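**Student:** Just remember that this note's numbering sits 23 ahead of the position in the sequence shown, which is counted from 1.
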Amino acid sequence: MEPHYHPRAIEPQVQKEWAEARVFNAPDASPKPKYYCVSMLPYPSGKLHMGHVRNYTINDALARFLRKRGMNVLMPMGWDAFGLPAENAAMANGVAPAKWTRENIAYMKQQCQSMGWSIDWSREVATCDPSYYRWNQWFFLRLWEKGIVYKKTGVVNWDPVDMTVLANEQVIDGRGWRTNAIVEKREIPMWYMKITQYADELLDSLDALGWPEQVKQMQRNWIGRSYGVEFTLPYAPETAKRMDDGKPGLNVFTTRADTIMGVTFAAVAAEHPLATEAAKGNAELATFIEQCRKGGVQEAELATMEKKGMPSGLYVLHPFTNEKVEVWVANYVLMGYGEGAVMGVPGHDERDFAFAKKYGVAIKQVIDSGVPYSMDAWKPEYDAPGRNVNSGKYDGLAQDAAIDAVAKDLHAASLGMKRVQYRLRDWGISRQRYWGTPIPMLYCEKDGIVPVPEKDLPVILPEKVEITLTGGSPLGRVPEFVNATCSKCGGPARRETDTMDTFVDSSWYFYRYTDAHNDRAPFDGKIAQYWFPIDQYIGGVEHAILHLIYSRFWTKFMRDLGMITNDEPAERLFTQGMVIKDGAKMSKSLGNTVSPDEMVARYGADAARLYSLFAAPPDRDLDWQDSGIEGIQRFLGRVYRFFVKNPTGAVSPALAGALQATPEARAIQRKLHQTIKRVSDDFQGRWHFNTCISAIMELVNVLYAAEDAIAKKTVPPAFLAEVQRNLVLLLAPFAPYLAHELWEMLGEKEALLRAPWPKYDAELAKEEEIEIPVQVNGKLRSRITVPADSEEAFVLERALADEKVKAAIAGKQVIKKIYVPGKLVNLVVK
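#1: Measure the C-alpha to C-alpha separation of Trp-554 and Ala-593 and round it to an integer number of angstroms.
#2: Going residue by residue through the segment 445-520, where are the continuous beta strand (DSSP E) segments of at least 3 residues, counting only ones entirely within it?
#3: Only counting the same chain, and skipping five residues up and downstream in sequence, which positions put a Cβ closer than 7 Å to that of Gly-419?
#4: Quick one: is Ile-390 buried, meaning 16 or more other Cβ sit within 10 Å of its Cβ, or exposed?
#5: Under the DSSP definition of a beta bridge, which residues are partnered with Val-61?
#6: Would you call the segment 522-532 and the segment 568-582 in contact, with 3 or more CB pairs under 8 Å?
#7: Tell me where the alpha helix (DSSP H) around Asn-203 begins and ends.
#8: Go ahead and pull the three-state DSSP assignment for Trp-102.
#9: What alpha helix (DSSP H) runs, 4 residues minimum, are completely inside the segment 223-289?
#10: Quick one: what does DSSP say Gly-680 is sitting in, helix, strand or coil?
#11: Assign Cys-253 to buried or exposed, taking buried as 16 or more other Cβ atoms, counted over all protein chains shown, within 10 Å of its Cβ.
#12: Report the residue ranges of all beta strand (DSSP E) runs contained in full by the segment 748-816; include only those spanning at least 3 residues, in chain order.
#13: How about Val-667 and Ser-635: do their beta carbons lie closer than 9 Å?
#14: Residues in its own chain within less than 8 Å of Val-320 by CB, not counting five upstream and five downstream?
#15: Under 9 Å between the Cβ atoms of Trp-140 and Met-100?
#16: Please report the Cβ distance between Lys-175 and Tyr-215, rounded to the nearest whole angstrom; I am assuming they are in contact, meaning their Cβ atoms lie under 8 Å.
#17: Just how far apart, CA to CA, sit Glu-322 and Arg-198?
#18: Looking at C-alpha atoms only, which residue of Val-350, Glu-767 and Leu-633 is the closest neighbour of Val-368?
#19: Compute the beta-carbon to beta-carbon distance between Lys-416 and Ala-430, rounded to the nearest angstrom, for a pair I have assumed lies under 8 Å.
#20: So, at 7 Å on beta carbons, what are the nonlocal neighbours of Gly-548 in its own chain, with the 5 sequence-adjacent residues on each side left out?
#21: Going by C-alpha to C-alpha distance, which of Ile-246, Arg-693 and Trp-647 sits closest to Tyr-445?
#22: Which same chain residues end up closer than 6 Å to Asn-849 when comparing Cβ atoms and leaving out the 5 residues on each side of it in sequence?
#23: Roughly how many angstroms separate the alpha carbons of Arg-45 and Thr-493, rounded to a whole number?
#24: Whose C-beta lies closer than 8 Å to the C-beta of Glu-815 among residues of the same chain, with five residues either side of it excluded?
#25: Pop quiz: Pro-641 and Asn-589 are said to be a contact at Cβ under 8 Å. What is the actual Cβ separation, rounded to whole angstroms?
#26: Within a Cβ cutoff of 7 Å, which residues of the same chain sit near His-711, ignoring the five residues on either side of it in sequence?
#27: According to DSSP, simplified to helix, strand and coil, what is Leu-189?
#28: Give the range of the alpha helix (DSSP H) segment to which Glu-349 is assigned.
#29: Classify Val-172 as buried or exposed, calling it buried when 16 or more other Cβ atoms lie within 10 Å of its own Cβ.
#30: Under the three-state reduction of DSSP, which class applies to Val-723: helix, strand or coil?
#31: Would Pro-545 and Trp-161 be called neighbours here (beta carbons separated by less than 9 Å)?
#32: Round the Cβ separation of Gly-600 and Asp-644 to the nearest angstrom and send it over; I've been treating them as touching at under 8 Å.
#33: Quick check on Ile-838: buried or exposed, where buried means 16 or more other Cβ atoms within 10 Å of its Cβ?
#34: Look up Thr-522 in the DSSP assignment and give the residues it is bridged to.
#35: Could you give the distance in angstroms between the alpha-carbon of Ser-335 and the alpha-carbon of Val-352?
As structure tokens, then:
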């Protein structure tokens, strides 16, 4: 038998055995309780990184543990394979996106297998396969039929580097989520999904989810339900003549209708029709409007951006006083929110206050919030609730009463009413790039927009396409793709050349896992009903308002189609911490990445796995240290050598669990059962894998300390075999390759993967003696050893008899004796 641990000799052979036996394939029905654990699928960018390793190792440890607890566990894998990186790589390297992507998938799959993750590869999906994206198109047609997909021209986020539209959720601090380029505003025709139709349910059902509160709060903020009053500021007569748009005035929404008497200006977005009209013949204003278009279209940017504006020369009227109110064009008003106009109340809104001070607009106090008011500088208390002042008939009213009164008067004047508004906007899914799902729609001169018939799906994405960033979507330059026949009249038609946002692909992939090869439907509803909802979903918090909102919307839509019965995709969500090195998140751009391939080659997959779980709790950031993985490799070598030096064979069931007679064996038995309890508790309750592994290390240390007793047989071989067997079971979720090898060395016949998790005996885990610190006036003076079941009187007697304690209290009176059972003695003296 090889005396030293050589993972490179062990791991490939074990991989082969697992693959040939298909040991990780999960049946779609079982008398065992099901457990569906899914990690967010990776983008096949070329190689796994240590963030992937951590994510999937957490998932795998959980899967292996629960199989041993008697559950039918499914851990699948797929590839989020469409998207811009493949196109960018194609332009940089002259490689077709399809070829680049599929080669990367093959390589990354091999990496996954080398890490020993217990993935059911029979369910593998790749979103770039026609067999998958066909169902994206099928869903699109169902959404179209239900009126949830629609097309309109609107102001969008435009990434000038990637040359495509971004959804609001893909703009971070005014920059593209991939390129970091400053996003511009453009007005173009786009396909949208009416996610706002589900806004209330998406918000209200968050409370019941077993998700991190941080993620739920981020979604609450993003959906942003607010209650307020929508009303009209009537056009002044000269403005009404110029606008000639059939509207009575400017519509605005406010959550603070109680401040309406403090309105001193109105502001509109650069794209608002009123701004367009005002810019006619006003070159300076036209230039300003063009500058505003360079900003993003996200509300989150407003808090930090410099507030800029120009007067439009147009006016509206205050709805109650009929005073003229000037309309300004402002860069902090977004056309995509409400109707692109706001009332300006600088006396009680910090943003409006700064704007008014900058441009000399009047400021009025109309709310008394209990602090002295000055128009010289803003105070946070100015926007706090209070009572109305300088507000005519509303004077003296508290906030809620004032809002109700204002809303009632606006309604009576046919100028407004209470309503609910949302920050969430419909999901713009059109992308002007190539590597994505073709949108299954046709344009016919006679019949207009016509859907592709379901029988003609999938609309195949051509693979021989010249990719450039000029002239719109590359698909528009492929005549054999663009030219089509209208399914309604049979005449010539043109295909849609935009492709779908890749977040469509990832909104439902975990349903496809359950029935990955179905060519008649996206999945079988009965199979999905068995597995769903996902019991544990694992992924980064950065997806809180992208993938995680979209996937919830998709689940609710599929439920409404009658395809599924669950309301949410996942019952529980876990967001793991990042892997950092040299103080920063690992990234290629910083040059601080650690290659899993290199780690496996140098230390073995088990060492990489174990270190990724041991170095930090899974919800915390992991600070990568090469010395740490070296220490883990040494530990695994110690475990292997102990088994080689102390061969025992299989455990006799008749001997397992018997109370040991010798002190040496009893000490090991006690530590074994304490370790089983600790690992079981930390695994189930808290996912503190680091403390689980630490406990296993302590058990190994105890075994090494008892080697002399083992050699002298005061630790019986039959009992040692029991200890070794349980040690392997405890190690199996974390270091499965080594555990597999040790299991075979023990001569076990049952497959390790299916062997049940060990049980601890509370009596056998109980300490026979415990050490108790003794304090005098709170200062540690000594430690005493007493039987674990000692009564308080006995413990205090032993404490007072201790020589060090006697010296500390000599000549003093003990006025109080405090005993914390099993923990502490404190003697209070004077």
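Cβ atoms here follow ideal geometry from the backbone N, Cα and C, with glycine treated the same way. No experiment lies behind these values; they were computed from the predicted model shown.
**Tutor:** Let's see:
#1: 11 Å
#2: 464-467, 471-474, 506-508 and 515-518
#3: Arg-410 and Asn-411
#4: buried
#5: Tyr-560
#6: yes
#7: From DSSP, Asn-203 is part of no alpha helix (DSSP H); its letter is neither H nor E.
#8: strand
#9: 236-246 and 260-266
#10: coil
#11: Reading off the sequence shown, one finds Glu at residue 253, where the question assumed Cys. Classification for Glu-253: buried.
#12: 792-799 and 802-810
#13: no
#14: With a pLDDT of only 47 at Val-320, under the threshold of 50, the placement of this residue in the model should not be trusted; the figure read from the coordinates follows. Closer than 8 Å at Cβ, skipping near neighbours: Val-178, Val-179, Asn-180, Asn-191, Val-194, Val-206, Lys-208, Leu-357, Met-358 and Gly-359.
#15: yes
#16: 7 Å
#17: Because Glu-322 sits at a pLDDT of 48, beneath the cut-off of 50, its placement in the model cannot be relied upon, and the point is left open.
#18: Val-350
#19: Incorrect: roughly 14 Å between the Cβ atoms, too far for contact.
#20: Met-586 and Ile-587
#21: Ile-246
#22: Gln-798 and Ile-841
#23: 48 Å
#24: Tyr-842 and Pro-844
#25: Wrong, their Cβ atoms sit about 26 Å apart, outside the cutoff.
#26: Pro-640 and Asp-705
#27: strand
#28: No alpha helix (DSSP H) holds Glu-349; the beta strand (DSSP E) holding it covers 347-353.
#29: buried
#30: helix
#31: yes
#32: 4 Å
#33: exposed
#34: Arg-454 and Pro-461
#35: 6 Å
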